[in-house]
Amino acid sequence: MDSNRTPKRKRARMETATPSKSGGPASRTPNSGGAESTIVWKDSPADKQIRVSGTGKMAVRKEIQGFVGRLTRASQQSPPEMADERRERPLHALAKRKAALESHSDRVGNGSDTHGAIHDQELHVEAVLTDDWFDVTVEAGDTINVVFTEQDGAGFFLQEDGGQNGSRSSERDEARIRINNERNMVIMHPDILVSTCLVDCGLNEETALLELSKVVEDYRAWLSAAVAGPGALLNEPPPRTSERVQVSRVLATEEMMWSIKWGLKGATDASVEGTITSQDDGNGGNRVVLPLELKTGSKVYAGVEHQGQVILYTLLLNERYRQRCQEGLLLYVPGIETNRISAMATHIRGLIMSRNHFASAMAKVKAVGSSTSSQVFPSMIRSRRECERCFQVDECVLHHAATENGTAESSGLDELFTQKTQHLNAVDLEYFKQWNRLIDLEQQHAEKNLRALWLQIGWKREQAQESAACIAHLKLVADKPAHSESGAKRTLRFIRDRRKRPWNSSMEVEAQVQPSSFAGVRFRVDERVILSAESLDGKKLLVHISRATVRAIEHGLLTIETRQSIPSIVTSGQSVVGSEFTWRLDKDAIMSGLRRAKENLVRLFIGPPPEVVSAGTALTNRSEVEMLVRSVAIAGEGGGGSSSGTSGMGDTRRRRLIVHLTRPRFKSSRVSEQITQHCQKCAKDDHDGRVSAQGQALLDAFSQLNVDQQRAVQRVLSSLDYALVLGMPGTGKTATIAFTVRVLLFLGFSVLVTSYTHSAVDNLLLKLLACEVPMLRIGNPAQVHPLIADFTLEQQAHREGIASVRAMEVRMINAHLVGCTCLSVNSHVLFAKRRFDFCIVDEATQITQPVVMGALRCADTFVLVGDHYQLPPLVANAQARKEGMDVSLFRRLAEAHPEASQQLSYQYRMNRDIMFLANRLVYGDKLKCGSFGVASNHLKLRWRSTQQQEQSANGHDALWPVRVLTNNQGVVFLDTDSMGGEAAESSSASQNGRGGRRRMENVVEAQVIAGLVELLVLGGVPSDEIAVISPFRSQVALIQQHLATVAASRRAGGVEWLEAVEVSTIDKYQGKDKDVILVSFVRCNEEKRVGELLTDWRRINVALTRAKQKLLLVGSQSTLSGGSALFQVLSRVVQQQLWGFKLPRDAVESLRLFAERVAGQPLEPEPERSTELGAKSRGKAANDSVQVSFLRRESATHSGDIEALVPNVSTASL
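Per numbering that gives the first Met the number 0, residue 0 is the first one in the sequence shown, and the count goes up by one each step.
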């Protein structure tokens, strides 16, 4: 095990404060939890970066670059009274650090390295804060990096000490360190990466071209001088007026860099290698790495900020490439001016202190889950002049008012604060405060995985996470330009790196097995990843070389598309990882969706109202809506905003509907009348009769809808604010919404179709494409359905020859139907240029409230379509779920106003038995079969009749599969209790034990299901109409293994059918269906524990409503019914309907023997379909009453009953 890379994570512990030697009382300090200064230090993710990027070769060899700790108590001794005495702040610490017993070579990864034995040391360390670090504010629980540095006589940090620091480095071996300006930097909360700059741009095409024309010649002249000429002249004061910079090569452009050593992240405009020379110096200077930053406009107002940005880039580049980087270049245009920025130690120290102040505040925000204080942000600067010019003033004021109970006086903004917040009441502020907290909790959970980038070696993380978060030890075999509009994108292809890693005796034996393919990796196409490089021995890591997207995963080849090229200094072996390195991919845990959700939340309460944009709507056709929209737009422009008109009252209409739950309004109208009136209105201009024909086609199609579908269309067209469509399983909600869109387009309205995923958006657009409806699809063509890709904006612009922004804007505004994901609304320019009459959100019950708000503000009326009886929005943080983050907007509005919801109850998927089960468990008899053919659609297997005759003759248990699969029962529960102890679940930790997740598997269930799938294929069931689902991913993987084993026997005619059989988790199967569904519940134990996944009734509802003809449930009836109220109901229904079957002890073996017997017989010919289905009723009729319903409404007073969310509607018999 590599102790240098994988530090032991210890809980910070409170220690008893020890009295001072004098016996007197210890002094106290603000933000301290005790009377004496005590720090508990420990290794952190920064250990590796500090160790390899510290202060020089000697320090690297001794591997004592710094200490990293988590503070448990902090206090400050009173400074001496005498002004000439030095202030000191002692911090008694328990330090855990790495110490090398023998010297190390500087090169890493070659075979000649002789690594000494590494061990962990725990010792008490007294860290004394002096000089500028005396005033560092630390609190209990804070994580700190102490970086050791050295300075030369000119005030620069030394990058190499040449072995001259022996005496000073020896001081680091002692149990006392003195933190001062000369030798140390203190980084607070290094895992919070603070950005070095913020960028905002709002130029239109003409302005941008004008600005470029001013500077393009300046850039060309500078490049000619700096690259091909004698060098670009530096803007230096005398006597250095003759100094120039020569650029020998460009290492990277727009290079995003992360550093946990310094707690910084940023992207240089360019990283170059060059020399700074003088005419008086004939020899020139040494070649160094320089960050190059381009700025337009005057440096008068932001010159200091620009210089600080370049100085911070020098820190990042020095750590990243281990090259001399003490200076940077700052270019101003027009009128090219090249400034050399020197990274003096004093300047760096000041910037780090400012960074620490910000990071400490952000740490409090991230700890909001355990914080009891309402003041978590830094205090406001209380300068109206500065705040008025800040583009974040709206969000800042809103946070101060809502989360800190701020006032005009506490903000220091006086009437400006009042202007911006006076329209918000207590309900508004509480809603914002709650959802802002929930988003922070979810973001905090996501960032935990991001920190593992520094905590674990690649192969260890891949094993611990079972290939779910990291793919390590990769070899780059191809690097080519990607087929995209941006020339910077590259297509990279990787194979597994077969080079052996250098092992030592402490490493686990099982870890030496290196995977040779990508089989079993749990990455998917279109997933965002982070590309990093790692030294072969895993001791050095170059994090975040590029962000990328997975494009293809094959058995031995993995393809990604990066956003920028790999810097040449990495491929040439000159970076921190050296020449012997491998590549790794980590899932991108930074959830951009959460940032956009917070942006939507802010815009709901403050800022310009969306109604100020009116292009793209047909308000003249909706006089009621036109009056509301215009009143809001006028109020937003004239009141509640600043004098500049850049602020306002936020999204007033949506805020009233969503936050205050104002009752939605509807107008009385009929669909047929609106279509007829529109045809009459267009009759004068309808010379070819096209409008009349379209109207008649829509009327004919409308008459073919069932009564619920017609009511849903009616509800949408009559809504002025919003409408809800509850689409229960198999009720044709997608077809209904597609028809509704056609009607809206025919009436002249514009429609935005959106959902959380690309597949959900495309599923709806494909139905409209079949009707030849013109559309515009916003999104990357590579991420949308192939049939929809031609309708993307990029493809249409290419096909129509659009070459200007103006023409593109016209194309976007004139589109009547636009489809995109909810998150695309925040990032695409289209939605700043126009609005829509209607916004239809499909699968709305799977989207969190703030995420969907971005799309809703783009339209005058919104329609939410979904089923809150199925899976809610995915929320990873348990505390956020507990506090209600998984309550969708659909559910919130349906609870408040059931009359706004129209349910679709006639389903066309499940046969009578499967629907009966769903009704009794969840839907309270609201589901109805759409036709007799659907109700009697049972599984028909084509085994030879001789097999069935043999079965009826002897009734032997070996033929139990016949009774299970051919009994015309739509639901069968296969109980594994009768199989004894061998049917019990197996719960074990993943390969890396403590660091991994627990695997929940059931081998017997996997074997039974694999055997049943084979029999179904042998019986003539198409393999693409069979699916196996389970709540546990480890069980899914196990079933896939057993299916592969069964397929290898070739009893079912080969292995081709294996790829067509879908095996998935329940969560990923929502929205899909198959003829036959097999469910593995896994849990089988004496304690009757079923776990969290199986106690969520919505997940079970999804599992039970996917099958059309046959639903096979495999599990332990005693465990399931004993551990969940829902399964108690299910067990009673199974018993009443005689759907249960106890598997024999030899079920697995009998399945195999029966499959061998069936495989030797030819299939019966497929029977001709008859109009007389003639299915005899068995036992009880499907409409018999069962007195148990999981969600049955008992009284109208039960406001918490989910069944009460759906209004009662009249039913019709088949």
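Built from N, CA and C at the ideal position, the CB exists for glycine as well.
Name the DSSP bridge partner or partners of Ile470?
Leu584
Rounded Cβ spacing between Phe580 and Ser545 (contact assumed at less than 8 Å):
Actually they do not touch by this definition, with Cβ atoms about 15 Å apart.
Tell me Phe665's beta-bridge partners as DSSP assigns them.
Ser718
I'd like to know if the region 1017 to 1028 and the region 1057 to 1067 are in contact, where contact means that at least 3 CB-CB pairs between them fall below 8 Å.
yes
Short of 6 Å in beta carbon distance, which residues of its chain neighbour Leu232, apart from the five on each side in sequence? Order them along the chain.
Arg243
Less than 9 Å between the beta carbons of Arg527 and Pro728, yes or no?
no
Length of the line joining the Cα atoms of Lys539 and Tyr320:
12 Å
Measure the alpha-carbon distance for Arg805 versus Glu1091 and round it to whole angstroms.
54 Å
Ser410 by DSSP, collapsed to three states: which one?
helix
I believe Glu318 touches Ser258 by the beta-carbon criterion, under 8 Å. Please report the beta-carbon distance rounded to the nearest angstrom.
6 Å
If you run the structure through DSSP and keep just helix, strand and coil, what is Asn599?
helix
The region 587 to 607 in contact with the region 338 to 350 per 3-pair CB rule at 8 Å
no
Every unbroken alpha helix (DSSP H) within the region 1029 to 1086, with a cutoff of 4 residues, ordered by chain
1032 to 1047, 1055 to 1059
I need the straight-line Cα distance from Pro6 to Leu454, nearest angstrom please.
The pLDDT assigned to Pro6 is 35, lower than 50, so where the model puts this residue is not dependable, and the model offers no usable value.
Kindly list the residues whose CB is nearer than 7 Å to the CB of Gln1006, restricted to its own chain and excluding five residues on each side of it in sequence; keep chain order.
His1041, Val1147
Could you compute how far the alpha carbon of Asp427 sits from the alpha carbon of Gly411?
22 Å
Per DSSP, what kind of secondary structure is Asp478 in: helix, strand or coil?
strand
Hey, which unbroken runs of the alpha helix (DSSP H) at 4 residues or more fall wholly within the region 992 to 1023?
1002 to 1017
Taking Trp959 as part of the alpha helix (DSSP H), name the residues at either end of that continuous run.
959 to 964
Considering only their Cβ atoms, is the gap separating Leu314 from Val288 smaller than 9 Å?
no
Please list, in chain order, all residues of the same chain as Ser169 whose beta carbon is under 6 Å from its beta carbon, the five residues on each side excluded.
At Ser169, the pLDDT of 46 sits below 50, so the modelled position is not reliable; the number obtained from the coordinates is stated separately. Cβ within range, chain order: n/a, list empty.
Test item: CB-CB of Leu903 and Asp707 under 9 Å
yes
Quick one: any contact between the region 874 to 884 and the region 779 to 796, if contact means 3 or more CB pairs under 8 Å?
no
Quick one: Cα of Ser622 to Cα of Ile913, how far?
47 Å
Simplified DSSP assignment, three categories, for Val809
helix
Just how far apart, CA to CA, sit Val1016 and Phe431?
54 Å
Helix, strand or coil for Gly929 per DSSP?
coil
Cβ shell of Val476 (< 7 Å), same chain only, five flanking positions each side left out:
Arg492, Phe493, Ile494
Measure the alpha-carbon distance for Val1185 versus Met852 and round it to whole angstroms.
Residue placement at Val1185 is flagged as unreliable, the pLDDT there being 32, under the threshold of 50; the coordinate-derived value follows with that caveat. C-alpha separation (whole angstroms): 41 Å.
Within 10 angstroms of the Cβ of Phe390, are there 16 or more other Cβ atoms? Answer buried if so, exposed if not.
exposed
First and last residue of the alpha helix (DSSP H) that includes Thr616?
Note, Thr616: premise wrong, no alpha helix (DSSP H); not H, not E.
Taking the Cβ atom as the reference point for each residue, do Phe1216 and Trp1096 lie within a distance shorter than 9 Å?
Because residue 1216 is not part of the residues shown, which for the chain are 0 to 1213, the question remains open.
Can you give the Cα-Cα distance for Asn966 and Leu938, rounded to whole angstroms?
9 Å
Three or more C-beta pairs under 8 Å: does that hold for the region 1028 to 1035 against the region 1073 to 1084?
yes
Starting from the C-beta of Arg177, find all residues in its chain whose C-beta is less than 7 Å away, skip the five residues before and the five after it, and write them out in chain order.
Val127, Thr129
Here's the rule: buried if 16 or more other CB atoms are within 10 angstroms of the residue's CB, otherwise exposed. What is Asn936?
buried
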